[in-house]
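What follows is a short report on a single structure.
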Amino acid sequence: MADSTPLLPRSDPSEDSKKSPSLDETIEQYIGDFGLAQLVQAVLVSLAWFFDSQQAFISVFTDAEPTWHCTQFPGNHSSSCTSVSNICQLPANAWAWDRPVFSSFISEWGLQCASSLIKGLPASSFFAGCLAGGLLLASLADSYVGRKNTLLLSCLLMSFATFLTVFSTNVWIYSALKFLNGFGRASIGSCALVLSSELVGKRWRAQVGMINFLCFALGFLSLPAIGYPYRNYSWKVLYLWTSLSTISYCIFVYVFVRESPRWLFVHGRKEEAVSVLKSMGPAKSSNITMSFSDVEFERDSWNANIYSALKILIKRRWAFKRLSSVMIMGLGIGMGYYGLPLGLENLAFNLYLSVVLNALSELLASLLTFFIVGKLNRKSSLLALTILSASCNILCSVLRKVSTYLQIGLELVSFFSACTAVNILIIYTLEMFPTCVRNSAVSVVRQALVLGGVISPILVAAGGRGGFVSYGVFGVVIGICGLFVLSLPETRGCTLCDTLEEEEHKETCRRNDRVACV
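Number 1989 marks the last residue of the sequence shown (the numbering used here); no jumps.
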């Protein structure tokens, strides 16, 4: 295993003893690693992922096409009706929905014979909004707006767009509101993760990150709990309840959540930073203002946003190669990650139970990643997970008529593999790029995942009952995109670089000496 010390010159011990404390060291000196006040703040901020997850997967229920049955009336031959699988080939009075007509937007607005593009338009619009919001709001939390205000603004925009969805009268208005919903939702996950991690000591940041992922899985799990009692009500009821709960959460954020003291200090708002630290720290923090006068920190002004970093990454051949590969992988894995839950409506299995099982699979994937990621090689893990997910998807489409339980079992294994692959891909991207462009590289990969989400609803709508088209395509795309990991270096146990020059030197050594890690 390679030496884990940074590729930086060692400083003289006498100089280290005289060096002024860093911002992290000074903050942790007063608030400690992880106190009760920090726990409350971290949980409040992480709850944003709960509501974020609800909007990401709410289309599983609201956009599902209801099942139908043949009706009996004079002159109707039931055999001719039951032999037809497409209701568009039957007279209007030969069939009826199994549930109330207003239980889905497809049945309420009579879109059962519309193209898959129209049926999948609302969900695709949501992910397109996520894509646009991620590009336009990427650096908002790092600018003068701040972490807390960006989180509050995003949650408010998402919740109001969700509430207005209740008043949709056609698929076009519905799709436009879904786009606005996704636009607001785009920055919630990253902003909440950064803010919660900056409110605790360095030793506890990984655990706080797990609180975020846990809340996301619980939000997914809450949808069938809300939707099942209202399964015979209007599909808009689900949007109403989730919007009201999110608006209530926004009030708690405004009143109780504190801004990141690190962000406040870096932006010259020292008095506010001190006030936040005193509210979370012990009584001994009365002389905190004096200590901050000696703090050292560096501000990377050239990398103020994602666009300047991208220009630099594109100019470097090795960086562009890595970025292109992880983006292609993100696109393929994202199609499966977002598309598999949406495709549950096409399986001959109870929709509510299958969503619960999928949510539990995501929760298990997060826990598994947390405990074993340090022991896994990145390349081989991603290759194995994408191949497993691809194989299960293809088998799910081929064996769809063999057994319902076999089909849902294959879908669960595929979704579990996709969730784990997403987690490892993010960690892999963090390790492949130096500090100066790391955040921007991760943001781009997350956008590639969302782009996969834009495409997947259309495939799900085209799949129909049995999911042959959707699951088959998902499998082929994930399998092909997963092969791009072979062009990337292994990073487990390698030193993390801070500058592009360091990473370029490591890449040169790896290529010339043919070593796996430097």
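Even for Gly, the Cβ is constructed at its ideal location relative to N, Cα and C.
Fewer than three pairs of CB atoms, one per stretch, sit closer than 8 Å, so the stretch 1819-1834 makes no contact with the stretch 1970-1981. Annotation: L1510 to S1667 spans about 9 Å, alpha carbon to alpha carbon.
Beta-carbon to beta-carbon, N1821 and V1931 are separated by about 18 Å, too far to satisfy the 8 Å threshold.
Distance from the Cα of C1662 is smallest, within the candidate group G1923, S1714, L1515, for L1515. A Cβ-Cβ distance of about 18 Å is found for the pair L1651 and F1528, leaving them out of contact under the 8 Å criterion. Exposed is the label assigned to S1750, since fewer than 16 other Cβ atoms lie within 10 Å of its Cβ. Look at the beta carbons and you see the stretch 1610-1630 not touching the stretch 1936-1955: under three pairs across the two are nearer than 8 Å. Following the DSSP letters along the chain, one finds W1580 in no beta strand (DSSP E), marked with neither H nor E. By the CB criterion at 8 Å, R1917 and G1604 fall outside the cutoff. Within the model, the alpha-carbon separation for L1518 versus N1683 is close to 7 Å. Nearest C-alpha to S1868 among L1811, V1921, F1904: L1811. Note on geometry: alpha-carbon atoms of M1903 and A1919 lie some 17 Å from one another. DSSP, reduced to helix, strand and coil, places A1535 outside both helices and strands of the structure shown, so it counts as coil. If you draw a straight line from the Cα of V1616 to the Cα of L1670, it is about 17 Å long. Taking the Cα positions, G1814 is about 50 Å away from V1745. H1738 carries a coil assignment under DSSP once its states are collapsed to helix, strand and coil. As a beta-bridge residue in DSSP terms, W1566 pairs with C1541. Taking one beta carbon from each stretch, the stretch 1847-1857 and the stretch 1866-1880 have fewer than 3 pairs nearer than 8 Å; the two do not touch. Residue nearest to L1664 within the set N1848, F1886, Q1512 is Q1512 (criterion: CA-CA distance).
Straight-line measurement puts the Cα of T1542 at about 15 Å from the Cα of N1557. Non-local C-beta neighbours of W1566 in its own chain, meaning closer than 8 Å and more than five positions away in sequence, comprise W1539, H1540, C1541, T1542, C1552, I1558, ordered along the chain. Here the alpha carbons of G1805 and W1643 stand approximately 25 Å from one another. Along the length of the stretch 1626-1683, whole alpha helix (DSSP H) runs at least 4 residues long occupy 1642-1656, 1659-1669, reported in chain order. Following the DSSP letters along the chain, one finds T1875 inside the alpha helix (DSSP H) bounded by residues 1875-1903. Contact annotation: V1925 and A1599 have beta-carbon atoms nearer than 8 Å. For a cut-off of 8 Å, the C-beta gap from T1533 to F1597 is around 11 Å, too long to register as a contact. Annotation for I1799: the continuous alpha helix (DSSP H) segment containing it runs 1788-1813.
Looking only at G1581, G1739, F1631, the smallest Cα-Cα distance to Y1720 is reached by F1631. Per DSSP, the unbroken alpha helix (DSSP H) holding G1605 starts and ends at 1592-1607. Contact between S1714 and F1634 holds, since their C-beta atoms are separated by about 4 Å, short of 8 Å.
The beta-carbon distance between C1584 and G1653, rounded to whole angstroms, is 27 Å. This is too long to meet the 8 Å contact definition. For K1872, the secondary structure class from DSSP, reduced to helix, strand or coil, is coil.
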